[in-house]
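Going letter by letter, the sequence shown gives residues 0 to 95 in my numbering.
Glycine included, C-beta positions come from ideal geometry on N, C-alpha and C.
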Amino acid sequence: MALAGSAVAVGVAATQAHPTSRTRTAITRAKIVRRHVARAHADHERNVSRRNRVFPTQAIHVRRFNATAARAEGRRLTKGYRKQAKSVRKRRRNRR
0 MALAGSAVAV GVAATQAHPT SRTRTAITRA KIVRRHVARA HADHERNVSR RNRVFPTQAI
60 HVRRFNATAA RAEGRRLTKG YRKQAKSVRK RRRNRR
């Protein structure tokens with residue numbers, strides 16, 4: 000049973016549960032941003048379809064999904080993680 004628990008802990012670390020992890024590379028950040036944009040697009044589509052069912056006359060005036068804004072939002076989300084990782088590294092250096 001202890002092995003299963005340790006395997007779960009490794010899985011969590013691999014999914015970037017701890018933003019200060021050294022494995023958060025540019026590739027990982029790009030994946031996070033890409034998934035954020037995909038999720039935002041799916042949410043937009045779902046909300047638009049719900050709104051169209053309730054207010055069919057507004058279906059003509061629907062705003063298009065703004066992928067640029069979603070990408071910027073995803074970068075802002077990962078920026079906080081990068082800042083946190085840098086501050087942790089700085090604190091560790093100062094302790095030595």
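Secondary structure of arginine 63 (DSSP, three-state): coil. A Cβ-Cβ distance of about 7 Å is found for the pair leucine 76 and histidine 35, placing them in contact under the 8 Å criterion. In this structure, glycine 73 lies near valine 32, with their beta-carbon atoms less than 7 Å apart. In this structure, the alpha-carbon of alanine 29 lies about 10 Å from that of arginine 70.
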